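**Student:**
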Ligand code: GCU
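In our numbering, the protein residues as written are 33 to 631.
Take a look at the structure:
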């Protein structure tokens, strides 16, 4: 009885943690690549600062004269023990681990400095970061611009009054140390790449600009476009126009007291789908601002245990992908790098990718959209998060909000995921039900899920038990029968009974192997063992997992993880990839390619 009451309270949303606003977060400017920008990418000076002497004094208290002051000295009357301009340089964007041998395994603080010219234009200026892993503090010309926590979502600070005509400098303290109350917490199965990992730029906007907008098909209605645009200022009576030339649409609405204009437009656009990834040029304009975008129009819904794209059942032929470049590792920040991974997924006959376990770059999302690949996008609420901490909840909520804010117009994103493999408890249910209701408040159109876990009914009968089944649209779960749960012969005996009557996605399955290691007797770590695991899993899904609407095997490519230390087999890599980190396709890749051809 207690459990039913608890689920009811979750459904009623009565149990949600209150969330303090994360300090320093300023409203995100959307569609940054369509704005007037001055790139700050390139070579930045850097200083490694393991004990954070640049921020704390010898009593471990915040210092007034930290590195961020960047004072100039004459070494006669004044001196200092740091200097950026004579320090070495590294490329931004890019994680520091793959750029400098001495930083390969570095976790800690690193300081960056970039000098740049700026010519005042009378416009407002924001400093935008595509991502900084994990904790970033930013100063412009020695004055604080803001703070941000979270390693995979964009953030921006207004710097209009911090800039001067001519030469300026920006200094950033990035700290990627793991901590118990962080999101993710201290333990996660991927490499903790640190640094300014995505684009950095100045963005110029008018004093009153179009801060955010959403232009999508109405939920479940392929003949109505609903749009909402919000000005940076709370101004009523401003005219905002939405134009879609190819559909001969030009519609103007007037903002309300909050500066919000809403539109409902009858239209019959060509619907985006994996075979026809149609994008429409869209322009949103006000009396002072104009933003262009490319928008996909599609609907996504569920019906019983089916997932419907544009009202038609679709099987999600997916694969999990970590944000790590195809050859040689490191965080991805370019469209070309994203394309390589997505092209491998297409070769495997995928129409869907689970971008694990955190928001990937905007380049990855937009390239997938152009290639006709649907996306599951996720925040790193992973494993043993501190469910009792309000600050941790605020952090997770902020990252979730930044992910949705950035990508709300990407029609290929069909699922928002709030967690991965999280241990059951009342506190965890409260925390995640709060994230789910927040997700729906930010975006009522996309499906919501999380990667749950399997449970044994008996030796060979399995299910999923999770209170949150009542709150999600899709029941997704990770299972490793044949790897962590028995050997491949067990796969032939297992059947599934999942009682929730919703579409099911197997959001992870697979096993490790070393590309090129062959064993006729199918020994563990061999390609033959991994291929057999996938062949048997496909048969199990087809024959004994009713309600299956998609799978995302774990995962596309071998990737770096400090949790994988088996000499000669792993050597710091998780080898569940269907492709090696050198681009070598394993036998299992072709098993999946064939199976997906039958779906
Ligand atoms: C888990 C987890 C993954 C991890 C995988 C593995 O399911 O979600 O992040 O890498 O198992 O053990 O390889």
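Positions of the beta carbon are idealized from the N, C-alpha and C atoms, including for glycine. Since the structure is predicted, the reported quantities are computational estimates derived from the model, not experimental observations.
#1: For residue 587, count neighbouring C-beta atoms within 10 Å of its own C-beta (all shown protein chains included) and say buried if the count is 16 or more, exposed if not.
#2: When the Cα atoms are used, what is the spatial distance from residue 549 to residue 558?
#3: If we count the other Cβ atoms within 10 Å of its Cβ and call it buried at 16 or more, is residue 15 buried or exposed?
#4: Ligand 1 heavy atoms versus the CB of residue 17: any closer than 6 angstroms?
#5: Which parts of the segment 263-297 are runs of the beta strand (DSSP E), unbroken and 3 residues or longer, counting only runs that do not cross its ends?
#6: Nearest to residue 448 by alpha carbon, out of 460, 479, 577 and 560?
#7: Which residues in the same chain as residue 524 place their Cβ atom closer than 7 angstroms to its Cβ, once the five residues preceding and following it in sequence are excluded?
#8: Excluding the 5 residues flanking residue 219 on each side, which residues of the same chain have their C-beta closer than 7 angstroms to its C-beta?
#9: From this set, 596, 562 and 573, which residue's C-alpha is nearest residue 622's C-alpha?
#10: Using CA atoms only, rank isn't needed, just tell me which of 64, 613, 428 and 616 is closest to residue 632.
#11: Would you grab the beta carbon distance between residue 284 and residue 263 for me? Rounded to a whole angstrom, and I think it's under 8 angstroms.
#12: Rounded to whole angstroms, what's the CA-CA distance from residue 292 to residue 242? Just pull it up for me.
#13: Which residues in the same chain as residue 114 place their Cβ atom closer than 7 angstroms to its Cβ, once the five residues preceding and following it in sequence are excluded?
#14: For a quick check, are the C-beta atoms of residue 311 and residue 328 less than 7 angstroms apart?
#15: For ligand 1, is there any heavy atom lying closer than 6 angstroms to the beta carbon of residue 559?
#16: What's the gap between the Cα of residue 54 and the Cα of residue 433?
#17: Give the straight-line distance between the Cα atoms of residue 183 and residue 74, rounded to the nearest whole angstrom.
#18: If we count the other Cβ atoms within 10 Å of its Cβ and call it buried at 16 or more, is residue 266 buried or exposed?
#19: Distance check for residue 200 and residue 455, CA to CA, integer angstroms please.
#20: Can we say the segment 576-584 touches the segment 515-534, given the rule of at least three CB pairs closer than 8 angstroms?
#21: What residue does the beta strand (DSSP E) around residue 601 start on, and which one ends it?
#22: Would you tell me roughly how many angstroms separate the C-alpha atoms of residue 397 and residue 228, rounded to the nearest one?
#23: Indicate whether the contact test is met: 3 or more Cβ pairs, each with one atom in the segment 315-329 and one in the segment 351-358, closer than 8 angstroms.
#24: Relative to ligand 1, is the shortest distance from any of its heavy atoms to the C-beta of residue 510 smaller than 6 angstroms?
#25: Let me know the secondary structure DSSP gives residue 370 once reduced to three states.
#26: Can the beta-carbon of residue 365 be found less than 7 angstroms from the beta-carbon of residue 393?
#27: Hey, residue 471 and residue 539: beta-carbon distance below 7 angstroms or not?
#28: Of the residues 330, 281, 300 and 325, which one's Cα is nearest the Cα of residue 309?
#29: Kindly confirm or deny that the segment 204-216 and the segment 131-149 touch, where touching means at least three C-beta pairs closer than 8 angstroms.
#30: Determine the extent of the beta strand (DSSP E) in which residue 245 is found, giving its start and end residues.
#31: Does the separation of the CB atoms of residue 322 and residue 237 fall below 7 angstroms?
#32: Between which two residues does the beta strand (DSSP E) carrying residue 200 extend?
#33: Would you call residue 431 buried or exposed, if buried means 16 or more other Cβ atoms sit within 10 Å of its Cβ?
#34: Quick one: does the C-beta of residue 453 sit closer than 6 angstroms to a heavy atom of ligand 1?
#35: Taking Cβ positions, are residue 544 and residue 607 nearer each other than 7 angstroms?
#36: With distance defined between alpha-carbon atoms, name the residue in 418, 475, 463 and 624 nearest to residue 1.
**Tutor:** Checking against the coordinates, here is how it stands:
#1: In the chain shown, counting from the first residue as 1, residue 587 sits at position 555. Under the 10 Å beta carbon count, residue 587 is surrounded by 16 or more other beta carbons and is classified as buried.
#2: The sequence position of residue 549 within the chain shown is 517, counting from 1. The sequence position of residue 558 within the chain shown is 526, counting from 1. Answer to the nearest angstrom: the Cα atoms are 5 angstroms apart.
#3: Outside the displayed span of the chain (33 to 631) sits residue 15, for which this structure offers no information.
#4: Since the first residue of the chain shown is 33 and the last is 631, residue 17 is not available in this structure.
#5: Taking 3 residues as the minimum length, the beta strand (DSSP E) runs contained wholly in the segment 263-297 are 271-276 and 281-286, in order along the chain.
#6: Here the question's residue 448 lines up with position 416 in the chain shown. When only C-alpha atoms are compared, the closest one is 479.
#7: Residue numbering aside, residue 524 sits at position 492 when the chain shown is read from its first letter. Counting only Cβ-Cβ distances below 7 angstroms, and skipping sequence neighbours, we find 568.
#8: By 1-based counting over the chain shown, the position of residue 219 is 187. Closer than 7 angstroms at the Cβ level, and outside the excluded window around residue 219, lie 415 and 416.
#9: Sequence index remark: in the chain shown, residue 622 carries index 590 (1-based). Cα-wise, what sits closest to residue 622 is 562.
#10: Summary: the structure shown does not reach residue 632, with the chain confined to residues 33 through 631, and so no result is reported for it.
#11: By one-based count along the chain shown, residue 284 stands at place 252. By one-based count along the chain shown, residue 263 stands at place 231. Not really, about 14 angstroms apart at Cβ, beyond 8 angstroms.
#12: Here residue 292 corresponds to residue number 260 of the chain shown, with the count starting at 1. Here residue 242 corresponds to residue number 210 of the chain shown, with the count starting at 1. Their Cα atoms are separated by approximately 10 angstroms.
#13: Counted from its first residue, the chain shown places residue 114 at position 82. Within its own chain, the residues whose Cβ lies closer than 7 angstroms to the Cβ of residue 114, once the five positions on either side in sequence are excluded, are 79, 86 and 99, listed in chain order.
#14: In the chain shown, counting from the first residue as 1, residue 311 sits at position 279. In the chain shown, counting from the first residue as 1, residue 328 sits at position 296. Yes; because the gap between Cβ atoms is below 7 angstroms, this pair is in contact.
#15: Residue 559 sits at position 527 when you count from the first residue of the chain shown. False, no ligand heavy atom lies under 6 angstroms from that Cβ.
#16: Taking the first residue of the chain shown as position 1, residue 54 is located at position 22. Taking the first residue of the chain shown as position 1, residue 433 is located at position 401. Here residue 54 scores only 36 on pLDDT, less than 50, and its place in the model should not be relied on; the value that follows carries that caveat. Approximately 11 angstroms between the Cα atoms of the pair.
#17: Here residue 183 is taken as the residue at index 151 of the chain shown, counted from 1. Here residue 74 is taken as the residue at index 42 of the chain shown, counted from 1. Cα to Cα, residue 183 sits roughly 20 angstroms from residue 74.
#18: Locating residue 266 in the chain shown gives position 234, where the first residue counts as 1. Exposed is the call here.
#19: Taking the chain shown and counting its residues from 1, one reaches residue 455 at position 423. Taking the chain shown and counting its residues from 1, one reaches residue 200 at position 168. Going by the C-alpha atoms only, they are around 48 angstroms apart.
#20: These segments touch.
#21: Here residue 601 refers to the residue found at position 569 when the chain shown is read from its first residue. Premise fails: residue 601 is in no beta strand (DSSP E) and is neither H nor E.
#22: Taking the chain shown and counting its residues from 1, one reaches residue 397 at position 365. Taking the chain shown and counting its residues from 1, one reaches residue 228 at position 196. Roughly 19 angstroms separates the two Cα atoms.
#23: Judged by Cβ distances under 8 angstroms, the segment 315-329 makes no contact with the segment 351-358, as fewer than three pairs qualify.
#24: Within the chain shown, residue 510 is the residue found at index 478, counting from 1. The answer is yes for residue 510.
#25: As a first step, residue 370 is located in the chain shown; it is residue number 338 there, counting from the start. Secondary structure of residue 370 (DSSP, three-state): helix.
#26: Walking along the chain shown from the start, residue 365 turns up at place 333. Walking along the chain shown from the start, residue 393 turns up at place 361. Contact: yes.
#27: The sequence position of residue 471 within the chain shown is 439, counting from 1. The sequence position of residue 539 within the chain shown is 507, counting from 1. Not in contact: residue 471 and residue 539 (Cβ atoms no closer than 7 angstroms).
#28: Indexing the chain shown from 1 puts residue 309 at position 277. The shortest Cα separation from residue 309 among 330, 281, 300 and 325 belongs to 330.
#29: The segment 204-216 makes contact with the segment 131-149, as at least three CB pairs between them are under 8 angstroms.
#30: The residue given as residue 245 occupies position 213 in the chain shown. Per DSSP, residue 245 belongs to the beta strand (DSSP E) from 242-249.
#31: Within the chain shown, the letter at position 290 stands for residue 322. Within the chain shown, the letter at position 205 stands for residue 237. Taking 7 angstroms as the cut-off, the Cβ atoms of residue 322 and residue 237 do not count as close.
#32: In the chain shown, counting from the first residue as 1, residue 200 sits at position 168. From DSSP, the beta strand (DSSP E) with residue 200 extends over 198-207.
#33: Here residue 431 refers to the residue found at position 399 when the chain shown is read from its first residue. Per the 10 Å Cβ criterion, buried.
#34: Indexing the chain shown from 1 puts residue 453 at position 421. Yes, since a heavy atom of ligand 1 falls inside the 6 angstroms radius drawn around the Cβ of residue 453.
#35: Taking the first residue of the chain shown as position 1, residue 544 is located at position 512. Taking the first residue of the chain shown as position 1, residue 607 is located at position 575. Yes. Within cutoff.
#36: Residue 1 falls outside the range modelled here, since the chain spans only 33 to 631, and no answer is possible.
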